[in-house]
Amino acid sequence: MSYTLTQVRNMVMDLVGEDSVSPTFWTAANVDQLDNWILDAIEEISLVTGCNTEELRVPIRSNRRFYYLDPGKGSTLLWIKHLRIEPQGKRLALKDPEALSRDDYNWMTRTGTPEVWFPVGLNTIRIVPYPTVEGQLIEATVVTVPQTITLGAQYLPIEDQLIAGVASYAAGTVMIQNRRLDKVVGWFTEYHKALGVGMSYSLNLTPKTIMLKGIGGAGVGIVDPT
Numbered sequence: 011m012s013y014t015l016t017q018v019r020n021m022v023m024d025l026v027g028e029d030s031v032s033p034t035f036w037t038a039a040n041v042d043q044l045d046n047w048i049l050d051a052i053e054e055i056s057l058v059t060g061c062n063t064e065e066l067r068v069p070i071r072s073n074r075r076f077y078y079l080d081p082g083k084g085s086t087l088l089w090i091k092h093l094r095i096e097p098q099g100k101r102l103a104l105k106d107p108e109a110l111s112r113d114d115y116n117w118m119t120r121t122g123t124p125e126v127w128f129p130v131g132l133n134t135i136r137i138v139p140y141p142t143v144e145g146q147l148i149e150a151t152v153v154t155v156p157q158t159i160t161l162g163a164q165y166l167p168i169e170d171q172l173i174a175g176v177a178s179y180a181a182g183t184v185m186i187q188n189r190r191l192d193k194v195v196g197w198f199t200e201y202h203k204a205l206g207v208g209m210s211y212s213l214n215l216t217p218k219t220i221m222l223k224g225i226g227g228a229g230v231g232i233v234d235p236t
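All letters in the sequence shown, in the order written, are residues 11 to 236 by the numbering used here.
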């Protein structure tokens, strides 16, 4: 992470035709609007790519079934990547209550070393079974939105290779606000390219796999891709 908010802000200004050295619109009085769009981009990229993660270690208490996962550091939890029980090093499987009820009608009162989990709301999990003794830990890897940046000199908490995506997303948002819809698609296409997501499978098919054969006669159908 080696780009500050000010540097990315200047990138976006240059991309949309604003003078980043002597801006006429995004002056100190209203540059917060542009900063918010940059931070929106970081939030979306964090959600799409899972690039911002934190490791949490929560002690297991006897007879406790529910645990609250707090990423701390001013971050906001987006989703849970995986859970492990230590010291066993056992990874917990994600399972919904309906499936649990089909497999084991006593799951709600089942005790022992945890094997599965399911979310309750955003930050809380239920482990099944639940231990009656202490001495174990829940080790969680969670995807987060990093703490909001408030100073231009602060480094953005995102990998350098994703900065182009941040700038493209913010530039596209600027175009929407300015009603330059002819420019929006181009910037959001660049955003998806920078992240390496959003590519349609159908666009990657070779002509052989989709070419129709025998049009107007017998044997109409899709050519066998093999």
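C-beta: ideal position from N, C-alpha, C; glycine also.
Around the CB of Q171, fewer than 16 other CB atoms lie within 10 Å, so the residue is classed as exposed. Judged by their CB atoms, L102 and P124 are nearer to each other than the 9 Å cut-off. DSSP lists R136 as the bridge partner or partners of F128.
About 5 Å separates the Cβ atoms of V26 and A181, confirming a contact at the 8 Å cut-off. Taking 9 Å as the cut-off, the beta carbon of I168 is found closer than this to the beta carbon of I55. When rounded, the separation of the alpha-carbon atoms in P97 and P69 is 11 Å. DSSP, read as helix, strand or coil, puts E28 in coil. Going by DSSP, P107 is part of the alpha helix (DSSP H) stretching over 107-113.
Contact check for V152 and E64: beta-carbon distance about 6 Å, within the 8 Å limit, so the pair qualifies.
With fewer than 16 neighbouring CB atoms inside 10 Å of its own CB, P107 falls in the exposed class. Here S32 has no same chain residue with a Cβ atom under 6 Å from its own Cβ, once five neighbours each way along the sequence are excluded.
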